[in-house]
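Residues in the sequence shown are numbered from 54 upward in steps of one, following the numbering used here.
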Amino acid sequence: MVSQYEIRSGRYEYQTEGYRAFVPASLPPDPPIKFDGKLLSVLSRADQALGNLNGAIRTLPEPQLFVSMYVRQEALLSNRIEGTQSSLQELLEAEAQLFGNERYSGAYEIVNYITATRLGLKQIERNPITTQLIQEIHHELLQNTRGSHLTPGQFRTNRVWIGPADCRIQEAEFIPPPPNQIELHMRKLSDFIDQNDEFPLLVKVALVHSQFETIHPFRDGNGRIGRLLMTLILCKAKVLEHPALYLSWFFNRHRTTYYEKLQSVRDDGSWEDWLMFCLRGIEEVSNHAATTAQRILAMRENDRNTINENFARTAANGHLLLDSLYEFPSTSINEVKALTGISFASAKLLVDRMIDNRLLREYTGYSRNKRYVLFRYLDLFDSM
């Protein structure tokens, strides 16, 4: 026999095995969200900050190229929340496929996150955000990684629980709904994403993230997919013009509070507290990302002036190389040769000139197969 008690956000069902599972109520919340002065104020500030971010990104030449680093940063930090401690440089090496899976297995998981993000962004250009799309993104996220045995792209068919390592289900801090309910809850969530326009979009995004984390539809990767969903919803609605909002920067810095606020929704129905926290995060990250865009613009202008003043006849190739480095800030002499169409010797001279003018730095220490990085640009993101 199963007993239960109900709260605003759902109900806890007591199971005969001695544990309780949380079954979320459908969105929107009932009773409705109370939009008091404090919540409306932080919503207004978050909206304004997001608008300012869009404006800052527009000032960048070819924004989609520069935004690649924003996507990498979100991927890095979202995985860091889950315990993957790779550096931005390791991520770039993994993207360039310099080493095997054994060396930087964590970094390859982050590469998958980037690939999953790009897949999602491409799909939402013409299609709604559906359960099928979420499953496709999840498959991309987990394939050929440490989680590849955990049924990528498929909703879980077993019980899962959240708590200390090696804890029993009776000792868990949170137990999501039973697997036979996943399809129903995800279909309702997909309908809410696609059809419900009565909420300000930033509120809707926060509600969806919390609900997805509570449903916990997959055996692994739920946190990363849930955070990625926020970006996809904002980009789908054109409220975020480019995927430049690295919300995991805020969630990672306030990780304990992040998990506590999510749990308080389940325990107490505290939707308003969660919304306040999430909207403050959107405001803070938007402001930080806008400042980053301004610093990128100033850095690029300074780098271009350096090339104009010091590279003479090689300035055109210097600018070509610089532009490619602002999209992917790591290169080799062979890659410079392929990019510019010049000889290996000329490519080496160009790289040496970039080093002499403090634009590039060699970072492997190898005598052969050297790699070079646009180090100040990398430092701008790696210091976050």
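Idealized CB from N, CA, C, for every residue including glycine.
Is residue i buried or exposed, if buried means 16 or more other CB atoms sit within 10 Å of its CB?
i	result
S436	exposed
R277	buried
N361	exposed
I268	buried
G153	In this predicted model, G153 has a pLDDT of only 49, less than 50, meaning its place in the structure is not dependable; the value taken from the coordinates is given anyway. Classification of G153: exposed, given that the 10 Å Cβ count is below 16.
N422	exposed
I408	exposed
D273	buried
D247	exposed
F304	buried
K289	buried
Q117	exposed
E155	With a pLDDT of only 49 at E155, under the threshold of 50, the placement of this residue in the model should not be trusted; the figure read from the coordinates follows. With fewer than 16 other Cβ atoms within 10 Å, it is exposed.
R240	exposed
E34	The structure shown does not extend to residue 34, since the chain is modelled only from 54 to 437, so the question has no answer here.
N275	buried
K175	exposed
C331	buried
D432	exposed
Q316	buried
E336	buried
Y299	buried
E146	buried
A128	buried
K291	exposed
E224	exposed
Y419	exposed
Could you spell out the range, first to last residue, of the alpha helix (DSSP H) harbouring residue i?
i	result
A351	W324 to N363
G90	G90 to R111
E127	P116 to I134
V389	I386 to T393
R73	Not the alpha helix (DSSP H): R73 falls in the beta strand (DSSP E), residues R73 to P77.
G274	Run containing G274: none; DSSP gives neither H nor E here.
D244	I235 to Q248
F428	F428 to D435
F265	L254 to I268
T210	T210 -> no alpha helix (DSSP H), and no H or E assigned at all.
N370	A368 to E380
S139	S139 -> no alpha helix (DSSP H), and no H or E assigned at all.
N19	Since the first residue of the chain shown is 54 and the last is 437, residue 19 is not available in this structure.
H295	Premise fails: H295 is in no alpha helix (DSSP H) and is neither H nor E.
T184	T184 to L195
Under the assumption that residue i contacts residue j (Cβ atoms under 8 Å), give the Cβ distance between them as a whole number of angstroms.
i	j	result
W214	S263	Not a contact, Cβ separation roughly 18 Å.
Q142	Y416	7 Å
F434	Q138	Wrong, their Cβ atoms sit about 16 Å apart, outside the cutoff.
N197	Y166	With 8 Å as the limit, N197 and Y166 do not qualify as a contact, their Cβ atoms being about 13 Å apart.
S301	L106	The pair is not a contact, with the Cβ atoms about 16 Å apart (cut-off 8 Å).
A99	L255	5 Å
N410	T359	5 Å
V164	L186	About 20 Å; that fails the 8 Å criterion.
F271	H191	6 Å
Y425	M352	The pair is not a contact, with the Cβ atoms about 17 Å apart (cut-off 8 Å).
R64	P82	Not a contact, Cβ separation roughly 14 Å.
L203	L194	L203 to L194, Cβ: 11 Å. No contact.
F245	L130	With a Cβ gap of about 27 Å, F245 and L130 do not count as contacting.
With distance defined between alpha-carbon atoms, name the residue in the options nearest to residue i.
i	options	result
A343	L203, C220 and L113	L113
E178	L287, D320 and A160	L287
Q110	L203, A369 and H295	Residue identity check: residue 110 is Ile in the sequence provided, not Gln. Comparing Cα positions, the closest option is H295.
P382	V120, D83, R98 and T184	V120
Q101	V124, L375, I386 and L293	L293
T447	Q347, I222, S79 and L203	The structure shown does not extend to residue 447, since the chain is modelled only from 54 through 437, so no value can be given for it.
F92	D250, L285, E193 and W324	According to the sequence as given, residue 92 is Leu; it is not Phe. Taking only the C-alpha atoms, the option nearest L92 is W324.
L136	A218, I182, S97 and E148	A small correction: the amino acid at residue 136 is Gly; Leu does not occupy that position in the sequence shown. It is A218.
R414	S385, F397, L130 and E380	S385
P182	F330, N249, V164 and L203	Here the sequence assigns Ile to residue 182, which means Pro is not the residue at that position. Nearest of F330, N249, V164 and L203 to I182, Cα basis: N249.
F428	S420, K390 and L378	L378
I228	P81, E266 and L242	E266
L237	E224, T184 and K401	T184
V258	M329, D320 and G206	M329
E66	M122, D89, R319 and A391	R319
I86	A346, G206, A297 and P253	P253
D356	D376, A297 and V389	D376
V124	P205, L285 and Y419	L285
Since residue i is in the beta strand (DSSP E), which residue starts that stretch and which ends it?
i	result
V404	No beta strand (DSSP E) contains V404, which is instead part of the alpha helix (DSSP H) from F397 to D409.
G63	G63 to Y67
**Message:** Count Cβ pairs between the region 274-291 and the region 168-175 that sit closer than 8 Å; are there 3 or more?
**Reply:** yes
**Asked** Okay, do the region 66-84 and the region 298-310 touch, 3+ Cβ pairs below 8 Å being the bar?
**Response** Judged by Cβ distances under 8 Å, the region 66-84 makes no contact with the region 298-310, as fewer than three pairs qualify.
**Asked** Are there three or more Cβ pairs, one per stretch, closer than 8 Å when the region 206-213 is compared with the region 232-243?
**Response** Output reads yes: the region 232-243 touches the region 206-213.
**Request:** Inspect the CB distances between the region 396-408 and the region 368-377 and report whether three or more fall short of 8 Å.
**Result:** The way I'd put it, the region 396-408 does touch the region 368-377; three or more beta-carbon pairs between them come closer than 8 Å.
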